[in-house]
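Position 64 of the sequence shown, counted from 1, bears residue number 64 in full-length UniProt numbering, the numbering being contiguous throughout.
Ideal placement from N, C-alpha and C gives every residue a C-beta, glycine not left out.
Below is one structure, written out as structure tokens; comments come after it.
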Amino acid sequence: MAISDQIPGLEITVRVDGKRAIEHDDDAAYDEPCDVDFDSPNGVRVVKYVEAVSGAPFCVRLERSRNFVFRGHHIGWSISVDGGPEWWLQEISARNPVRGAQWCSEAHGYYTGDSVSGFIPKRWKFGDLIIESADTRSTAEAMAMQSSRAKSLGVIKVSVHHLLLPNQITTRHAFYEDAETGPINEKALKGRALSLRTTADIVPNSARPDTYSYKKNFLDPRGRPFAVFEFRYRTREDLIKEAILRPPPDPAEDTPGKQTIILLDDDNDDAAGKAKEEAKVIKLEKKHVAGIKREAGEASQAPPSRRFKQTRRPDGKFLVDLTDD
Numbered sequence: 001m002a003i004s005d006q007i008p009g010l011e012i013t014v015r016v017d018g019k020r021a022i023e024h025d026d027d028a029a030y031d032e033p034c035d036v037d038f039d040s041p042n043g044v045r046v047v048k049y050v051e052a053v054s055g056a057p058f059c060v061r062l063e064r065s066r067n068f069v070f071r072g073h074h075i076g077w078s079i080s081v082d083g084g085p086e087w088w089l090q091e092i093s094a095r096n097p098v099r100g101a102q103w104c105s106e107a108h109g110y111y112t113g114d115s116v117s118g119f120i121p122k123r124w125k126f127g128d129l130i131i132e133s134a135d136t137r138s139t140a141e142a143m144a145m146q147s148s149r150a151k152s153l154g155v156i157k158v159s160v161h162h163l164l165l166p167n168q169i170t171t172r173h174a175f176y177e178d179a180e181t182g183p184i185n186e187k188a189l190k191g192r193a194l195s196l197r198t199t200a201d202i203v204p205n206s207a208r209p210d211t212y213s214y215k216k217n218f219l220d221p222r223g224r225p226f227a228v229f230e231f232r233y234r235t236r237e238d239l240i241k242e243a244i245l246r247p248p249p250d251p252a253e254d255t256p257g258k259q260t261i262i263l264l265d266d267d268n269d270d271a272a273g274k275a276k277e278e279a280k281v282i283k284l285e286k287k288h289v290a291g292i293k294r295e296a297g298e299a300s301q302a303p304p305s306r307r308f309k310q311t312r313r314p315d316g317k318f319l320v321d322l323t324d325d
């Protein structure tokens with residue numbers, strides 16, 4: 001869960017396909033330059049990596065509990081996905097103008113259209129990002145635009161603001177969306193492991209949104225946030241490529257019962273002697289372990305000492321087994 005000790009009572013999470021997304025930390029992310037302009041020097045930035053799956057719907061959830069410390073009347077939050085427009089929600093509305101003891105809000109997507117032609121609800125989901133080969137020809141201007149856009153791809157950004165009691169009601173404005181993220185040149189990603197983007201599906205038979213809403217009345221004169229939560233969504237494979245997760249162990253390297261075999265030649269006395277000396281060391285180590293006084297119940301944990309196995313092959317060479325049975 002994305003929380004901060006500096007903001008008790010506030011929790012923001014991403015839910016993928018109805019379940020809370022698995023989050024991962026990366027301390028190196030906080031060494032990156034931060035371009036957020038906070039409302040005070042105490043502004044809080046939280047960065048989390050979350051596991052995502054292509055085709056899975058997702059939503060963002062905010063929970064404010066009773067112990068949250070208000071600086072204004074209530075709070076509001078905005079969500080931007082892949083560097084797109086911000087979609088706003090605030091704690092009170094024309095339908096529910098009273099601030100409660102606690103608040104829970106979820107954003108599943110957004111509306112396009114307007115009050116005249118009608119609103120069309122859309123719901124977020126993860127989709128595959130089309131990546132062009134680095135050899136694909138492109139103008140310098142087009143590459144610069146792609147590089148700028150690529151910086152925000154794979155990021156769900158949540159900004160939280162202190163708000164004053166609203167004093168104006170406004171008509172819900174038309175929502176427009178940017179064109180979906182098209183093919184991205186591999187060079188524009190600058191080595192980042194990214195194979196997903198955000199898309200949206202139309203939701204049929206959805207409830208009509210409120211025609212009127214309260215206009216945002218920021219506590220900060222410049223409308224700056226007091227906290228920003230950044231969720232970088234990746235597939236599990238991409239998380240491994242970016243070293244956020246460790247790769248799974250190779251089963252071939254840890255096979256039970258795997259034996260170490262040394263091939264000895266009668267003509268090579270040095271090699272044979274070295275192998276036998278190693279076998280003696282192993283034997284002595286096991287003897288030492290076996291001689292350690294153990295508490296009751298631990299005796300079965302001590303491996304029995306034994307002599308190394310040596311088998312003569314028909315060609316005159318020896319096979320020496322240095323491992324346990």
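Review point. In three-state DSSP terms, what is Arg236?
Key: As a position in the sequence shown, residue 236 is number 236, starting the count at 1. Three-state DSSP puts Arg236 in a helix.
- Item | Through-space distance from Glu106 to Pro33, alpha-carbon basis | The residue labelled residue 33 in the question sits at position 33 within the sequence shown. The residue labelled residue 106 in the question sits at position 106 within the sequence shown. For Pro33 and Glu106, the distance between alpha carbons rounds to 29 Å.
* Contact under 8 Å by Cβ, Val155 with Asp82 -> Locating residue 155 in the sequence shown gives position 155, where the first residue counts as 1. Locating residue 82 in the sequence shown gives position 82, where the first residue counts as 1. Result yes, Cβ atoms of Val155 and Asp82 sit closer than 8 Å.
Q: Check the C-beta distance from Asp238 over to Leu194 and give it rounded, since I have them as a contact under 8 Å.
A: For the purposes of this step, residue 238 is taken as the residue at position 238 of the sequence shown. For the purposes of this step, residue 194 is taken as the residue at position 194 of the sequence shown. With 8 Å as the limit, Asp238 and Leu194 qualify as a contact, their Cβ atoms being about 6 Å apart.
> Whose C-alpha, out of Thr181, Gly223 and Asn205, is nearest the C-alpha of Gly127?
Replying inline: On the sequence shown, residue 127 is found 127 positions in, with the first residue counted as 1. Comparing Cα-Cα distances from Gly127 to each of Thr181, Gly223 and Asn205, the minimum goes to Thr181.
- Give the DSSP-derived three-state secondary structure of His288 in the structure shown. The residue labelled residue 288 in the question sits at position 288 within the sequence shown. Annotation note: pLDDT 48 at His288 (below 50); position unreliable, coordinate value reported separately. If DSSP states are grouped into helix, strand and coil, His288 belongs with the helices.
I believe Tyr233 touches Ile169 by the beta-carbon criterion, under 8 Å. Please report the beta-carbon distance rounded to the nearest angstrom.
Position 233 of the sequence shown, counting from 1, holds the residue named residue 233. Position 169 of the sequence shown, counting from 1, holds the residue named residue 169. In fact, because the Cβ distance is near 36 Å, the residues do not count as touching under 8 Å.
Item to complete: Could you pull the start and end residues of the alpha helix (DSSP H) that Ala150 belongs to?
Response: Stepping through the sequence shown from its first residue, residue 150 is reached at position 150. Taken as a continuous stretch (DSSP letters only), the alpha helix (DSSP H) holding Ala150 covers Ala140 to Ala150.
**Study point:** Sequence-distant residues of the same chain with beta carbon closer than 6 Å to Ser147, five excluded per side
**Key:** Residue numbering aside, residue 147 sits at position 147 when the sequence shown is read from its first letter. Same-chain partners within the cutoff: Ala188.
Original post:
In three-state DSSP terms, what is Pro251?
Top reply: For the purposes of this step, residue 251 is identified with residue 251 of the sequence shown, where counting begins at 1. Helix, per DSSP.
Discussion item. Going by beta-carbon coordinates alone, are Ala227 and Ile7 separated by less than 8 Å?
Written reply: The residue labelled residue 227 in the question sits at position 227 within the sequence shown. The residue labelled residue 7 in the question sits at position 7 within the sequence shown. In this structure, Ile7 lies closer than 8 Å to Ala227 by Cβ.
- request: Measure how close the beta-carbons of Gln102 and Arg66 come, nearest whole angstrom, since I'm counting them as under 8 Å.
  value: Taking the sequence shown and counting its residues from 1, the one referred to as residue 102 is at position 102. Taking the sequence shown and counting its residues from 1, the one referred to as residue 66 is at position 66. Right, the Cβ-Cβ distance comes to about 6 Å (below 8 Å), so this counts as a contact.
query = Can at least three beta-carbon pairs, one atom from the region 47–57 and one from the region 14–21, be found at a separation below 8 Å?
reply = yes
Considering only the alpha carbon of each residue, which of Leu245, Asp27, Phe70 and His108 lies closest to Gly100? Here residue 100 refers to the residue found at position 100 of the sequence shown. Checking every option, the nearest Cα to that of Gly100 belongs to Phe70.
Examine the ligand GDP and report whether any of its heavy atoms sits within less than 7 Å of the Cβ of Ser80.
The model depicted lacks the ligand GDP and carries no ligand whatsoever.
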